[in-house]
Structure formats: structure tokens, C-alpha cells
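Protein chains in written order, with this note's numbering: chain A, 6 to 229; chain B, 6 to 229.
Note that the Cβ used here is the ideal one computed from N, Cα and C, for glycine as well.
Bear in mind that the values here come from a model prediction, so they are computed numbers and not experimental data.
2 protein chains.
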Amino acid sequence: MMMVRKSKGLGERHQKILDFIASYQREHKHPPSIREIGEDCDISSTSVVNYYLDQLEKSGNIERDRKISRGVRLINSAPVGDLFRVPLYGVIQAGEPIPIPSSDFNAFTAEDSIDVAMSLMPAKEKGRDLFALKVQGESMIDAMVNDGDIVILKPTQDARNGDMVAVWLSDRNETTLKFFFKEKDKYRLQPANPTMKPIYIDKNESLEIKGKVVMVIRKVERYN
Amino acid sequence: MMMVRKSKGLGERHQKILDFIASYQREHKHPPSIREIGEDCDISSTSVVNYYLDQLEKSGNIERDRKISRGVRLINSAPVGDLFRVPLYGVIQAGEPIPIPSSDFNAFTAEDSIDVAMSLMPAKEKGRDLFALKVQGESMIDAMVNDGDIVILKPTQDARNGDMVAVWLSDRNETTLKFFFKEKDKYRLQPANPTMKPIYIDKNESLEIKGKVVMVIRKVERYN
DNA sequence: CTTGACACAGAACAGACGTTCGAGTATCAT
DNA sequence: ATGATACTCGAACGTCTGTTCTGTGTCAAG
């Protein structure tokens with residue numbers, strides 16, 4: 006009773022092994038051992054598993070770290086890894102100060118967190134100190150940011166011209182997101198929406214830059 | 006010369022171990038062994054690594070599969086995997102029709118692709134048929150979408166009330182993103198920006214729904 | 001029928017790996 | 001001083017794990 010491989014490509018058993026590696030990895034966060042693969046796929050000998058693994062490696066479906074325990078990994082399928090976890094620190098809204106992480110920064114204090122793919126992150130901003138805020142209310146619409154959006158910020162006190170910053174205008178008792186420009190004797194805060202006009206802040210007025218916006222994410226659910 | 010743990014929390018060595026596990030996992034797609042951790046962190050004895058690993062487990066930073074090779078995993082930080090690859094099919098701009106994937110849909114035809122964390126995806130939209138477009142021009146600002154933004158769409162011809170849709174208005178020769186509402190004898194296309202007024206389309210006018218927007222991603226680089 | 005490629009089993013080996021234990025050192029409060 | 005606590009080392013043990021070798025049954029080509 007022999008199992009024939011129908012196609013030139015992957016046989017039933019190859020597929021089952023591939024599936025098992027994927028699901029095992031998902032569940033245990035580490036690859037299975039050869040014997041575990043064999044047990045799941047009803048293969049009684051480790052040499053047979055090894056036999057299939059060799060084939061899967063040659064056909065480019067997996068990669069192996071020889072001699073290393075559990076050194077199997079899928080390559081072309083599930084793009085594994087490279088997530089970036091950003092702590093969600095609360096909400097940002099017009100009338101409230103911005104909650105920025107304290108110096109005894111602890112990512113685990115965050116109630117929740119946002120996962121972002123590394124590949125989406127602007128190159129420079131991959132430090133560990135980013136944090137996220139959820140926008141509440143419609144006060145940021147001139148920054149092209151709507152209620153429910155998630156903004157990812159990099160905490161900083163000083164901004165360069167052209168940076169989008171989250172600022173607290175204590176004179177106006179207002180939090181806002183704007184593009185920042187330093188001019189002769191004042192600051193220009195330019196809305197992201199090109200049809201709207203900038204606001205100007207005298208240098209003697211207080212302007213607290215709380216952070217630099219690096220990313221905005223909007224899940225479009227329903228309008229109502 | 007002893008290393009004192011200053012705070013009650015994580016010491017320098019704990020952090021180094023955590024970082025090493027993360028970077029090793031990123032690079033090798035499987036966790037490091039105890040001896041590999043020791044080597045990287047200048048710990049000469051496996052028992053010391055074990056000692057720290059026990060502490061990290063108690064403090065809830067890692068999880069361990071006892072007796073199993075490389076059975077260490079970070080729990081708070083980035084969960085490996087769970088990325089969603091969305092093909093980037095081109096640009097969307099006011100004067101041009103929307104490039105939607107043809108039926109001989111092939112993800113590899115896409116010039117580029119966007120990785121999105123599963124956890125960011127609206128629950129219902131995890132089908133494999135999503136695609137992404139890059140916004141060109143400032144014509145979508147009334148949808149709170151700016152030049153350079155990436156919109157992720159689900160191809161569909163019919164929309165439910167409240168869905169944000171990408172439509173092609175052939176009478177006006179225009180592509181736009183709006184919230185969709187079907188009313189008595191006309192369609193109402195509501196801008197996402199609440200300060201802007203809706204446009205109405207008679208049912209006899211042609212209105213081609215090309216897709217439903219499920220997500221908007223904006224990388225904030227520079228204003229100029 | 002012989003030959004050889006293929007799929008598979010089982011056993012044995014060597015090295016990798018987690019675990020445990022005994023012992024040593026430094027710091028600090030008592 | 002004394003003990004408690006925190007940290008470190010080295011070695012030994014047993015199991016986990018990848019590798020390799022021998023052997024068996026099937027099937028198709030020559």
C-alpha cells in the first residue's frame with residue numbers, strides 16, 4: 006500500500022506537513038520538532054519526516070537550520086513576523102491635554118496596543134518609544150484626522166519644519182494636530198487639509214509640542 | 006563586582022535577554038536556545054540563563070514550554086506572524102477610473118504590496134480579495150483622505166448604507182470616495198468630513214461602485 | 001524477471017538542550 | 001560578626017532531537 010504522489014508538485018503528505026508546521030507555529034510560537042511532525046501526520050519514523058522535509062526544502066517551501074532543534078520554517082507562505090507593537094495610551098481630543106508616556110515608561114501599563122507591520126513604518130521611526138492615541142471627537146478634521154482614527158506619535162519636544170505635531174495650546178486650552186513651521190517671530194501651524202488656513206502662534210504665547218505624528222490609521226467601519 | 010538590580014522591575018540583563026530573544030526570533034524565525042542566549046548576553050553558565058528566564062516568566066514577560074528545546078516565547082511583545090498581505094494595484098485619482106483586480110486575479114501581478122497586521126483588520130474583512138491603492142492628488146480630501154494615503158478596498162458592486170465606497174461617476178467623469186446612502190429616488194454620497202455637504206446622484210445617472218473602503222493608512226512624512 | 005526509483009519503517013548514534021545541584025562571591029541589614 | 005538575599009559559575013545528568021544506516025514492499029521500465 007503505497008502512496009503515490011499524483012502531481013509533480015506537492016503531494017497530500019507534503020501539504021499536510023506544511024499545514025501542520027503553520028498551525029503549530031501559530032499555536033506554540035516556535036516550530037515543531039521532527040518527531041512532532043511525524044506524530045501529527047501519522048509518520049512513524051523520523052527518517053521519513055526528514056525525507057519529506059528535504060523535499061520541501063528543495064522545492065523551496067521551507068528552510069531548515071540543520072543540526073538545530075526545531076529549525077524548520079516556512080518561507081513563501083505566511084509572511085511571518087516583523088510586527089511592531091505600539092502601546093495605546095488613551096485618547097486625544099481637543100479640550101484635553103495629550104497623555105504622553107511618563108519617564109518610567111512601561112509598555113505594559115498600556116491598556117491596549119496596536120500592531121503595525123514593520124514595513125509600514127517610516128524608516129526612521131522604528132525606535133521603541135512610539136505610542137498611539139485614539140482620536141475622540143471631530144476636532145482634528147482640519148488635520149485630516151477623524152473621530153476614531155488612531156494616530157501614532159513619537160514623543161518629542163522640538164519639531165523640525167514640516168513635521169506634523171501634536172501640540173497643546175495652553176492659552177487656548179486646546180489640543181490640536183498641525184504641520185509645524187517656525188517663522189520669523191511666530192510659529193505657523195498649518196492644517197493638513199490644503200483648503201484650510203494656518204493659525205499663527207506668537208513665540209511668547211505658550212506652545213507645547215507633545216509629539217510628532219508618524220502615522221495615521223483609520224478603520225472604516227460604518228458611518229452610522 | 007556584582008550587578009545590582011536597581012529597580013524592582015527589569016534589570017539591564019533582563020532587558021538584554023528580552024531584546025536578544027526578539028531579535029533572534031526575527032532573524033531565525035525560531036526562538037534561541039538557553040546556551041545561545043547565554044553566549045550573546047555574556048553569561049557563562051546555562052543555569053544563570055535559566056535563572057533569569059525563570060524570573061522573566063514569573064514577571065510575565067515570557068512564556069516557556071518546559072523540557073522543550075527553544076521553548077521560549079515573548080508574550081507581551083510582537084506576536085510573530087499574523088500579517089496580512091494586500092496587493093497594491095496602483096493609484097486612485099479623481100480623473101481616472103479605479104484599477105480593480107481582474108478576475109484572473111493574481112496577487113503576484115501587483116508591483117508592490119502592503120502588510121497589515123491582522124489585529125488591525127476589521128473582523129469581517131479578512132477575505133483574500135482585498136487590494137490597496139495609493140491616493141494621488143488632493144481630490145479626496147473631502148473623504149478625509151489625502152495625497153499619498155493608502156486605501157485598502159474590498160471589491161464589490163453593491164454597498165450597504167453607511168459603507169464608504171469608491172465610486173466612478175461616469176457622468177462627471179470622476180472617481181471619488183464617499184459614504185454611500187440609498188434614498189427614495191436617489192443616492193446620497195456623504196463626505197467623511199462632517200462639515201462638507203453631500204452630493205446627490207439620481208438613480209438614472211450612472212454610478213458604479215467599485216469597492217468598499219475598509220481601511221486608510223497614512224504615513225506622515227513631511228509636509229514639504 | 002531484473003533493476004532501480006520511490007515511499008516508508010525502525011533502530012542506533014551523537015550532539016543539542018533543559019534541568020538540577022553544589023559551591024562561591026558580593027551587598028546589606030541586623 | 002552573622003545571616004539573608006541576590007547573583008554567578010561549573011559540572012553532571014537525562015532526555016530531546018536531528019542524522020544516518022539498513023531493510024522492506026511497491027511499481028514501472030527495460
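- Where Thr-161(A) and Gln-98(B) are concerned, what is the direct C-alpha to C-alpha distance, given to the nearest angstrom? Straight-line spacing of the CA atoms in Thr-161(A) and Gln-98(B) works out to 34 Å.
- According to DSSP, which residues form a beta bridge with Tyr-192(A)? Lys-187(A), Ile-206(A)
- Three-state secondary structure (DSSP) of Met-149(B): coil
- Message: Cutting at 7 Å between CB atoms, please list the residues of its own chain near Leu-212(A), excluding the five before and the five after it.
- Response: Val-172, Leu-174, Tyr-192, Ile-206
- Just the chain B side, please: which residues come within less than 7 Å of Ser-124(A) by C-beta, in chain order? Asp-120, listed in chain order.
- Query: Looking only at C-alpha atoms, which of Lys-183(A), Pro-127(A), Asp-190(A), His-35(A) sits nearest to Ile-214(A)?
  - Reply: Lys-183(A)
- Kindly say whether Leu-88(A), judged by its beta-carbon, lies nearer than 9 Å to any beta-carbon of chain B. yes
- Message: Measuring straight from C-alpha to C-alpha, what distance separates Arg-75(A) and Ser-144(B)?
- Response: 52 Å
- Query: Distance, Cα to Cα, Ile-26(B) vs Ile-80(B)?
  - Reply: Note on geometry: alpha-carbon atoms of Ile-26(B) and Ile-80(B) lie some 11 Å from one another.
- Counted within 10 angstroms of its Cβ, other Cβ atoms place Lys-72(A) as buried (16 or more) or exposed: exposed
- Measure the C-alpha to C-alpha separation of Lys-11(B) and Tyr-57(B) and round it to an integer number of angstroms. Because the pLDDT of Lys-11(B) is 40, which lies under 50, any placement of that residue in the model is unreliable, and the number read from its coordinates should be weighed accordingly. About 15 Å.
- Message: Quick check: what's the CA-CA separation for Gly-16(A) versus Lys-217(B)?
- Response: 38 Å
- Message: Relative to the C-alpha of Asp-24(B), which candidate in Arg-78(B), Asp-154(B), Thr-180(B) has its C-alpha closest?
- Response: Arg-78(B)
- Residue nearest to Ile-67(A) in terms of C-alpha spacing, selected from Arg-31(A), Gln-20(A), Ile-155(A): Gln-20(A)
- Task: Give the straight-line distance between the Cα atoms of Asn-178(A) and Glu-226(B), rounded to the nearest whole angstrom.
- Result: 27 Å
- Task: Go through the region 18-82 of chain A residue by residue and report every complete run of the alpha helix (DSSP H) that reaches 4 residues or more, in order.
- Result: Runs of alpha helix (DSSP H) with 4 or more residues, each lying fully within the region 18-82 of chain A, are found at 39-45, 51-63, listed in chain order.
- Task: Anything in chain A within Cβ reach of Pro-196(B), meaning under 8 Å, just list it in chain order.
- Result: Near Pro-196(B) there are no residues of chain A at all, since even the closest Cβ is about 10 Å away, more than 8 Å.
- Met-123(A) (DSSP reduced to helix, strand or coil): helix
- Task: Kindly indicate which residue of Glu-210(B), Met-169(B), Asp-176(B) has the alpha-carbon position closest to the one of Asn-198(B).
- Result: Ranking the options by Cα distance to Asn-198(B), first place goes to Met-169(B).
- Count the other CB atoms, across all protein chains shown, that sit within 10 Å of the CB of Gly-2(B); report buried if there are 16 or more and exposed otherwise. Outside the modelled stretch of chain B, which goes from 6 to 229, sits residue 2(B), for which no answer is possible.
- So with Cβ pairs under 9 Å, would you call Lys-202(A) a contact of chain B? no
- Message: Distance check for Asn-151(B) and Met-149(A), CA to CA, integer angstroms please.
- Response: Each residue's Cα considered, the two are about 7 Å apart.
- Can you give the Cα-Cα distance for Arg-90(B) and Pro-203(B), rounded to whole angstroms? 34 Å
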